[in-house]
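At position 74 of the sequence shown the residue is numbered 74 (UniProt numbering), and the sequence of numbers has no breaks. We put the beta carbon where it would ideally sit given N, CA and C, even for glycine. All remarks here apply to the structure that follows.
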Amino acid sequence: MEEKLPNQWIADWAFPIKEAAAKREGYDKSQIAGSFSVDDTYPGCPYCEQKSFVKCGGSLFSRCNKVSCGGEQGSFHTCPWCGTKAQISGYIENLSAGKDL
Numbered sequence: 001m002e003e004k005l006p007n008q009w010i011a012d013w014a015f016p017i018k019e020a021a022a023k024r025e026g027y028d029k030s031q032i033a034g035s036f037s038v039d040d041t042y043p044g045c046p047y048c049e050q051k052s053f054v055k056c057g058g059s060l061f062s063r064c065n066k067v068s069c070g071g072e073q074g075s076f077h078t079c080p081w082c083g084t085k086a087q088i089s090g091y092i093e094n095l096s097a098g099k100d101l
């Protein structure tokens, strides 16, 4: 993610990283907030090439707040982290992220 304008974050690159390495690097320590979108140059997820993402949080039963590759507004999604099944709705307003976004 890159902050192109104040509070406007754009996904324009990605790289593979294991969860343990991400924690060691502190990628879960900073919060960024604002609007989020995907640039036309974004190559997609380095694992599945999906160009969209969702943040878990749409269920009363489980809200792990982790990000995963996702579908479109209105479609149903199962979070690969916690198993929550919910319809995709709304917009991402904040993310936990590392310092070298």
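- For a cut-off of 8 Å, the C-beta gap from residue 79 to residue 68 is around 6 Å, short enough to register as a contact.
- Between the alpha carbons of residue 32 and residue 25 lies a distance of about 16 Å.
- Here DSSP, grouped into helix, strand and coil, assigns residue 33 to strand.
- Secondary structure at residue 19: helix, using DSSP grouped into helix, strand and coil.
- For residue 55, the enclosing beta strand (DSSP E) begins and ends at 53–55.
- Around the C-beta of residue 13, fewer than 16 other C-beta atoms lie within 10 Å, and the residue is accordingly described as exposed.
- Restricting attention to 34, 27 and 29, the CA atom closest to the CA of residue 6 is found in 34.
- The straight-line gap separating the alpha-carbon atoms of residue 74 and residue 29 is approximately 30 Å.
- For residue 10, the closest alpha carbon among the candidates 63, 16, 19 and 36 is that of 36.
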